[in-house]
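Peer 1: Sharing a structure with you now.
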Amino acid sequence: MVGDLVIEEGDLEVLRDRTRDVASRLQSVSVATAGDYISSGVGGSELAGLGRSAGETIDDAVMAVSRDLDDFSQSVNDSINAYNATENDAAVTFQQTAHGGPAMTMDDLRRKMEEQ
Numbered sequence: 006m007v008g009d010l011v012i013e014e015g016d017l018e019v020l021r022d023r024t025r026d027v028a029s030r031l032q033s034v035s036v037a038t039a040g041d042y043i044s045s046g047v048g049g050s051e052l053a054g055l056g057r058s059a060g061e062t063i064d065d066a067v068m069a070v071s072r073d074l075d076d077f078s079q080s081v082n083d084s085i086n087a088y089n090a091t092e093n094d095a096a097v098t099f100q101q102t103a104h105g106g107p108a109m110t111m112d113d114l115r116r117k118m119e120e121q
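Structure follows, in structure tokens:
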């Protein structure tokens, strides 16, 4: 079932901040050191190298996810800034009416439409 996407004030900021926080926390994850423990436990066998290699592969994948989350967080921040700029431009446009008089009310607009 498809529904509307509802974004409340502050939702994007929360998304940006939490995504940035997760990206930061992931950067401290290290599995390769666990591979070292495997290596020391099994001695010079082939498993020792495989444990270290597996740990490095996982670390690389975790860092890639961390970078992607950081990029996503920055994109959300860019969206917030673009939205705010658009809102500010719209507010200025509506404050400066081209007809030289005060801002029109809905009743004024209805009267204008009826006159036409």
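Using our numbering, read the sequence shown as starting at 6 and increasing by one per residue.
Glycine is no exception: its CB is placed at the ideal position from the N, C-alpha and C atoms.
Small disclaimer: the values here were computed from a predicted structure and weren't measured.
Measure the alpha-carbon distance for A59 versus N86 and round it to whole angstroms.
Peer 2: 41 Å
Peer 1: Alpha carbon to alpha carbon, how far is L52 from D76? Give it in angstroms, no decimals.
Peer 2: Roughly 36 Å between the two C-alpha positions.
Peer 1: Would you say the segment 79-93 touches the segment 8-22, given that touching needs at least three Cβ pairs under 8 Å?
Peer 2: Yes, the segment 79-93 is in contact with the segment 8-22.
Peer 1: Rounded to the nearest angstrom, what separates Q10 and A95 at their Cα positions?
Peer 2: First, the amino acid is wrong: residue 10 is Leu here, not Gln. Computed Cα separation, rounded: 23 Å.
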